[in-house]
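Asks: According to the numbering used here, the residues represented by the sequence shown are 3 to 75, in order. The beta-carbon is built from N, C-alpha and C at its ideal position, and this holds for glycine as well. These numbers were taken from a predicted model, which means no experiment stands behind them. Quick one: the structure is below, and I'll ask about it shortly.
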Amino acid sequence: MVDNTPAIYLSHSLACHGRTGYLGSRIAEANTLVNKKWISFEYLETKEMLADILTKPVTPAVMNYLVPKILKK
């Protein structure tokens, strides 16, 4: 899941130009996997990103919101 709408668009499109040109092979691979229906990308709001508690400093309120989701409580 991603919180980046352009990333979802690029995974469904082979358009690599300008600032995304350097990602060409990665985007092509993601596009192939999406077309084969092996993976899918869906939009997830930033506040729902579970990895944030492992990669960013977060407030206690965010921890209290995300930890039960990780533990499936």
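Whole-angstrom Cβ separation of Leu52 and Leu68, contact assumed at under 8 angstroms?
Replies: Leu52 to Leu68, Cβ: 6 angstroms. Contact.
Asks: Return the Cβ separation of Ser42 and Val36 in integer angstroms, given the expectation that the two are a contact with Cβ distance under 8 angstroms.
Replies: Yes, they are in contact, since the Cβ atoms of Ser42 and Val36 sit about 7 angstroms apart, within 8 angstroms.
Asks: Going along the chain, which residues of its own chain have a beta-carbon closer than 6 angstroms to the beta-carbon of Glu50, five neighbours each way excluded?
Replies: Cβ within range, chain order: n/a, list empty.
Asks: Considering only the beta carbon of each residue, do Val64 and Ile72 sit closer than 8 angstroms?
Replies: Going by C-beta atoms, Val64 is not nearer than 8 angstroms to Ile72.
Asks: Kindly indicate which residue of Glu44, Lys74, Thr57 has the alpha-carbon position closest to the one of Thr7.
Replies: Cα-wise, what sits closest to Thr7 is Glu44.
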